[in-house]
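For our numbering, add 422 to where a residue sits in the sequence shown, where the first one is 1. Yeah, the Cβ is synthetic: ideal placement off N, Cα and C, and Gly gets one too. From a predicted model like this one, the values you see are computed outputs, not experimental measurements.
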Amino acid sequence: MEHGVEALIREGSMQLPSPTSSEPFWLDEGGQIFVYGTGTVGRDVWRVLTARGIPVAGFMDHLRHEVPSLNQVPLFRPDDTRLTAEVRGRAVVILAIHNYEVDMAALIGRLSGLGYPRTVSMIDLYDHFAEELGTRYWLTRRTFYQSRAPVIGSAYNLLADETSRSLFSAILGFRIAGDYSSLPEPDREHQYAPADIPGWIIPLRLVDCGAYDGDTLKSFLEAGTAIEALAAFEPDPDNFARLSQFVRETRQSIGEAYLWPCAVHSFTGQLRFDGGRGEASAVASGGDALVPSVALDDVLHGFSPNLIKLDIEGAEHEALLGARQMIAAERPGLAVCLYHRPEHLWEIPLLIEKLAREGAPGPEYRYYLRAHAYSGFELVLYAVPLSLRNP
Numbered sequence: 423m424e425h426g427v428e429a430l431i432r433e434g435s436m437q438l439p440s441p442t443s444s445e446p447f448w449l450d451e452g453g454q455i456f457v458y459g460t461g462t463v464g465r466d467v468w469r470v471l472t473a474r475g476i477p478v479a480g481f482m483d484h485l486r487h488e489v490p491s492l493n494q495v496p497l498f499r500p501d502d503t504r505l506t507a508e509v510r511g512r513a514v515v516i517l518a519i520h521n522y523e524v525d526m527a528a529l530i531g532r533l534s535g536l537g538y539p540r541t542v543s544m545i546d547l548y549d550h551f552a553e554e555l556g557t558r559y560w561l562t563r564r565t566f567y568q569s570r571a572p573v574i575g576s577a578y579n580l581l582a583d584e585t586s587r588s589l590f591s592a593i594l595g596f597r598i599a600g601d602y603s604s605l606p607e608p609d610r611e612h613q614y615a616p617a618d619i620p621g622w623i624i625p626l627r628l629v630d631c632g633a634y635d636g637d638t639l640k641s642f643l644e645a646g647t648a649i650e651a652l653a654a655f656e657p658d659p660d661n662f663a664r665l666s667q668f669v670r671e672t673r674q675s676i677g678e679a680y681l682w683p684c685a686v687h688s689f690t691g692q693l694r695f696d697g698g699r700g701e702a703s704a705v706a707s708g709g710d711a712l713v714p715s716v717a718l719d720d721v722l723h724g725f726s727p728n729l730i731k732l733d734i735e736g737a738e739h740e741a742l743l744g745a746r747q748m749i750a751a752e753r754p755g756l757a758v759c760l761y762h763r764p765e766h767l768w769e770i771p772l773l774i775e776k777l778a779r780e781g782a783p784g785p786e787y788r789y790y791l792r793a794h795a796y797s798g799f800e801l802v803l804y805a806v807p808l809s810l811r812n813p
């Protein structure tokens, strides 16, 4: 019996929201608003709130700062004695943090222990300020998911094991409810080679899209994985220089190695690129640089990969379209990040299934979902050829 999203809702695993599920947090006249986080996200949240005429009493984080203010707004540690028990009890703390390194459930617990009972998540913020805050990975209004339940259910039904289905439900429920404690602990050590799914064909013939500085290659080499051939794509010049250096240093551990200073997309040409941002450098319509782009079908004739990894900051869907002939004909293993756009959670598994069925009869895929960082970041879909399935 198929087990779609509607059935999950009936069973209580998640709830789709009503449009009024997130109340305006700034209407509590007795409570002051503090922005927790002093990085780019925190400053953007402060900018948006002040532009709307919503007063911010202070910035806050657990770090020690040498300056007393930020943007002429007081800067506090949560345990600052100036913040009395009464102030803390009525405060609204906006969690202006959106990255993979912070255990947000633990942070909320620390704040609660210091007397701050009310926090507002980025998910809550996006109900009210989505346009002003702009595109940030999977963040969107929680009502985005309501009309998409049937197609979301189709993607859920592709998943091969209970771990994947449970994680899919938890991710979707988290994006709707904003409850960080509902997410399972991520597997931070085994990205691209989880121990509990069928292993890849060894030696690897690896296509690494979004190769960054060689971090994925390094993880395979440190695990003792034999690599027969590598084709690595990285458009950011600084990242590419580090990638090239790493490959030179480890050259004896790799068979063939081909490095491309290119973006991977659905076509071969040029794209606007926002570089200089480390692992967050990305293709962007407003980017200040032009970089070459390639479709994998155009440049890897005869390479015959058995694993393609895609972590390319939101262009994964387009890159798969550019590899449709390879996927249909050769059925390589696929490890594709799903966290850069909200719709990738369901659109990418459905696209891979479609592309695989375009080819000649042969092994198709079983799909596994695993999370490798906090807050649903580093969420990876593993499409494993059926020939590699567990007994």
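In the displayed model, Leu471 falls within a helix according to three-state DSSP. Counting C-beta pairs closer than 8 angstroms gives fewer than three between the segment 734-745 and the segment 537-555, which falls short of the contact rule. Under the three-state reduction of DSSP output, Gln613 falls in the coil class, being neither helix nor strand. Annotated three-state conformation of Gln454 is coil, per DSSP. When only Cα atoms are considered, Asp549 and Arg564 end up about 7 angstroms apart. Thr506 has its alpha-carbon roughly 14 angstroms from the corresponding atom of Val514. Straight across, the Cα-Cα distance linking Leu497 with Ser491 is about 5 angstroms. By the C-beta density criterion, Val489 is exposed, having fewer than 16 other C-beta atoms within 10 angstroms. Exposure of Lys776 is indicated by the presence of fewer than 16 other C-beta atoms within 10 angstroms of its C-beta.
Every unbroken stretch of the beta strand (DSSP E) spanning 3 or more residues and falling wholly within the segment 731-795 is given here in chain order: 755-759, 787-793. For Pro572, the enclosing alpha helix (DSSP H) begins and ends at 571-578.
From the listed residues Arg540, Ile649, Ala757, the smallest Cα separation to Leu626 is found for Ile649.
Between the beta-carbon of Cys684 and that of Pro657 there is about 6 angstroms, and that keeps the pair under the 8 angstroms contact cut.
By the C-beta density criterion, Ala473 is exposed, having fewer than 16 other C-beta atoms within 10 angstroms.
For Met526 against Ser797, the beta-carbon gap comes to about 6 angstroms, under 8 angstroms, which counts as contact. In chain order, Leu555 place their CB closer than 7 angstroms to the CB of Asp466, counting only its own chain and leaving out the 5 sequence neighbours on each side.
For Ile649, there is no enclosing alpha helix (DSSP H); the residue is part of the beta strand (DSSP E) that begins and ends at 649-655. Around the C-beta of Gly464, 16 or more other C-beta atoms lie within 10 Å, and the residue is accordingly described as buried. Residue pairing by DSSP places Phe481 opposite Val457, Leu497 in a beta bridge.
Listed in chain order, the non-local C-beta contacts of Leu756 below 7 angstroms within the same chain comprise Ile730, Ile774, Ala805, local neighbours out to five positions each way being set aside. The Cβ atoms of Tyr787 and Pro807 lie closer than 8 angstroms to each other. Its chain contains Ala679 as the residues whose beta carbon lies nearer than 6 angstroms to that of Val669, once the 5 sequence neighbours on both sides are disregarded; these appear in chain order. For Asp637, the closest C-alpha among the options Ala717, Ser586, Ala654, Val573 is that of Ala654. Leaving aside the five residues that flank Ile593 on each side, the residues in its chain whose CB is nearer than 6 angstroms to its CB run, in chain order, Gly798.
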